[in-house]
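Trainee:
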Ligand code: NDP
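In the working numbering, the protein residues as written are -10 to 298.
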């Protein structure tokens, strides 16, 4: 059996055309979707993410507002900035870049976001709706993983709904922003979902779960955690990890995932690479949420106009 390397870049190209079309239709109706990001401090990874989002927003025809506060800005200043963006009509969606400085509470800032503009689904109201299977927005990285997986299943001749309903999905990692939403998206597709974390690993139980899986989704932040020994032939492996490692002795930095790609490739049915797998799809999923936020606002305002005319 030849292992399929699921090409995120190719899928992202198709998705980009779809989202560009959605944005153009909104612009034709008089609304240009706009994303605002809030950066507090100068974390390198957050700066790279901000630059990337600015470029992708421009490519799609969306507005972009990049707000930045110094690292010593107070929690009150951060909250005031988010409140200003909540009220700004040009902004359809707001993303607060992480990490925030230690003296600024993630929870306080997340609760300040107006839920209709919370395009990364961090406000408790939106997270609760996701939990109930009635998501307003799906967080971008888990959304990208399932978009790629759904696409792969359909392209390989399967009915994704039928496949999930008889499949075991193992999610390695249970963070609020990645692991838990992955589990919820698996449940929403009627899959049997198992969650593994650092305790499963320490207890030596990771293998017994992953070896029963039809799909393994890995978001642990541990380079090469899942190896060929963790999977059986026929498993589909989705790697969400992004880790920077340095090759010795040259010290050159490169990106790797949480999966031992070469080993798993020799055994799995299919695997997503890093880079070039889930990553390229993630920004498009976020901007698609921004377009959806703009569209919801348009619908609400035309509904209001009808009621008052
Ligand atoms: P967190 O550090 O918040 O969470 C890591 C999770 O993995 C925790 O639930 C932890 O368990 C679990 N874990 C850690 N070590 C092990 C182990 N040895 N075995 C099993 N489980 C383990 O990370 P994130 O969820 O934010 O990110 C995870 C990965 O996804 C990272 O590589 C990150 O860079 C990447 N990422 C990728 C994005 C993308 O766009 N593709 C976006 C966001 C993140 P416990 O809960 O018990 O501590």
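Yeah, the Cβ is synthetic: ideal placement off N, Cα and C, and Gly gets one too.
Taking Cβ to Cβ, would you say residue 226 is nearer than 8 Å to residue 183?
Mentor: Not closer than 8 Å, so no.
Trainee: From what residue to what residue does the alpha helix (DSSP H) around residue 34 run?
Mentor: 33 to 49
Trainee: Quick one: is the Cβ of residue 40 within less than 7 Å of any heavy atom of the ligand NDP?
Mentor: It does not: the Cβ of residue 40 is nowhere closer than 7 Å to a heavy atom of the ligand NDP.
Trainee: Are residue 208 and residue 247 touching if we call contact CB-CB under 8 Å?
Mentor: A contact, by the Cβ cut-off of 8 Å.
Trainee: Cβ atoms of residue 212 and residue 234: under 8 Å apart, would you say?
Mentor: yes
Trainee: Say the cut is 7 Å; is the CB of residue -5 nearer than that to a heavy atom of the ligand NDP?
Mentor: Not a single heavy atom of the ligand NDP lies less than 7 Å from the C-beta of residue -5.
Trainee: With DSSP as the reference, identify every bridge partner of residue 193, one or two as the case may be.
Mentor: DSSP output for residue 193 lists no bridge partner at all.
Trainee: Do residue 270 and residue 4 have their CB atoms nearer than 8 Å?
Mentor: yes
Trainee: Helix, strand or coil: how does DSSP classify residue 184 here?
Mentor: Note: residue 184 maps to strand in three-state DSSP.
Trainee: Going by DSSP, what residue range makes up the alpha helix (DSSP H) through residue 96?
Mentor: 95 to 101
Trainee: Looking at C-alpha atoms only, which residue of 23, 267 and 60 is the closest neighbour of residue 33?
Mentor: Of 23, 267 and 60, the residue nearest in Cα terms is 60.
Trainee: Could you give the distance in angstroms between the alpha-carbon of residue 40 and the alpha-carbon of residue 29?
Mentor: 15 Å
Trainee: Regarding residue 51 and the ligand NDP, is the C-beta to nearest heavy atom distance less than 7 Å?
Mentor: no
Trainee: Taking only heavy atoms of the ligand NDP into account, decide whether any of them is closer than 7 Å to the Cβ of residue 196.
Mentor: no
Trainee: Cβ of residue 260 versus every heavy atom of the ligand NDP: is any distance shorter than 7 Å?
Mentor: no
Trainee: Do you know offhand how far residue 301's Cα is from residue 138's?
Mentor: Given a span of -10 to 298 for the chain in the structure shown, any question on residue 301 remains unanswerable.
Trainee: Could you give the distance in angstroms between the alpha-carbon of residue 14 and the alpha-carbon of residue 47?
Mentor: 16 Å
Trainee: Hey, quick one: how far does the alpha helix (DSSP H) through residue 82 stretch, first residue to last?
Mentor: Per DSSP, residue 82 belongs to no alpha helix (DSSP H); it is in the beta strand (DSSP E), 82 to 85.
Trainee: Could you check whether residue 127 and residue 159 sit closer than 8 Å to each other, using their CB atoms as the reference points?
Mentor: no
Trainee: Taking C-alpha atoms, which residue in 191, 90 and 51 lies nearest to residue 35?
Mentor: The shortest C-alpha separation from residue 35 is found at 90.
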